[in-house]
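Engineer: Handing you a structure now.
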Amino acid sequence: DKRGGGFMSCGMVEKVDDSAVRVTELPVGRWTEDLKAELDRLCEEGRVRAYQEHHTEARVLFHVTFTREELDRHRGDPVDAARSLLPLTAALNTSNMVAFDCAGRLQCYSSAA
Numbered sequence: 281d282k283r284g285g286g287f288m289s290c291g292m293v294e295k296v297d298d299s300a301v302r303v304t305e306l307p308v309g310r311w312t313e314d315l316k317a318e319l320d321r322l323c324e325e326g327r328v329r330a331y332q333e334h335h336t337e338a339r340v341l342f343h344v345t346f347t348r349e350e351l352d353r354h355r356g357d358p359v360d361a362a363r364s365l366l367p368l369t370a371a372l373n374t375s376n377m378v379a380f381d382c383a384g385r386l387q388c389y390s391s392a393a
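Written out as structure tokens, the structure reads:
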């Protein structure tokens, strides 16, 4: 962040075809249920045509198809639509952190440095 106390975690999205993307990674701190709830809302609003989940214990995989109207709002680019609509970023703070020290005790740290 601008104050030097954090960074941005980003999910991974890749184009499948002219109307669909594959989400293969979520930002740190986001869960598949978070994205699923957002996709359900976008389906109800008519912005996402459909989505499928193909997760395993070790990997995330959403296949998301956008409506033609939504794609038109994003110059026909499904990756741009995904980055704009889906919760694929999370700010992570590196100040005022609590972690275990080398002796295994919880300790408060003012920064990650």
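First residue of the sequence shown? That's 281 in the working numbering, and the numbers climb one at a time after it. Beta carbons are placed, not taken as given, at the ideal position from N, Cα and C, and that holds for glycine.
1) Straight-line CA distance for residue 352 to residue 363?
2) In the structure shown, what three-state DSSP assignment does residue 290 receive?
3) Using the Cβ count rule (16 or more neighbours within 10 Å means buried), how would you classify residue 380?
4) How would you label residue 350, buried or exposed, when you count the other beta carbons within 10 angstroms and need 16 or more for buried?
5) Report all residues from its chain with a CB closer than 6 Å to the CB of residue 306; omit the five preceding and five following residues, and keep chain order.
6) Helix, strand or coil: which one does DSSP assign to residue 323?
7) Report yes if the C-beta distance between residue 366 and residue 318 is below 8 Å; otherwise report no.
8) Where residue 418 and residue 293 are concerned, what is the direct C-alpha to C-alpha distance, given to the nearest angstrom?
Structural biologist: Reading from the atomic positions:
1) What you label residue 352 is simply residue 72 of the sequence shown in a count that begins at 1. What you label residue 363 is simply residue 83 of the sequence shown in a count that begins at 1. Their Cα atoms are separated by approximately 15 Å.
2) Residue mapping note: residue 290 aligns to position 10 of the sequence shown, counting from 1. Strand, per DSSP.
3) Numbered from 1 along the sequence shown, position 100 holds the residue referred to as residue 380. So residue 380 counts as exposed.
4) Position 70 of the sequence shown, counted from the start, is the residue given in the question as residue 350. Per the 10 Å Cβ criterion, buried.
5) Taking the first residue of the sequence shown as position 1, residue 306 is located at position 26. Only 291 and 340 meet the Cβ criterion.
6) Position 43 of the sequence shown holds residue 323. In the structure shown, residue 323 sits in a helix (DSSP, three-state: H, G or I).
7) For the purposes of this step, residue 366 is taken as the residue at position 86 of the sequence shown. For the purposes of this step, residue 318 is taken as the residue at position 38 of the sequence shown. Result yes, Cβ atoms of residue 366 and residue 318 sit closer than 8 Å.
8) Because the chain here runs from 281 to 393, residue 418 falls outside it and cannot be looked at.
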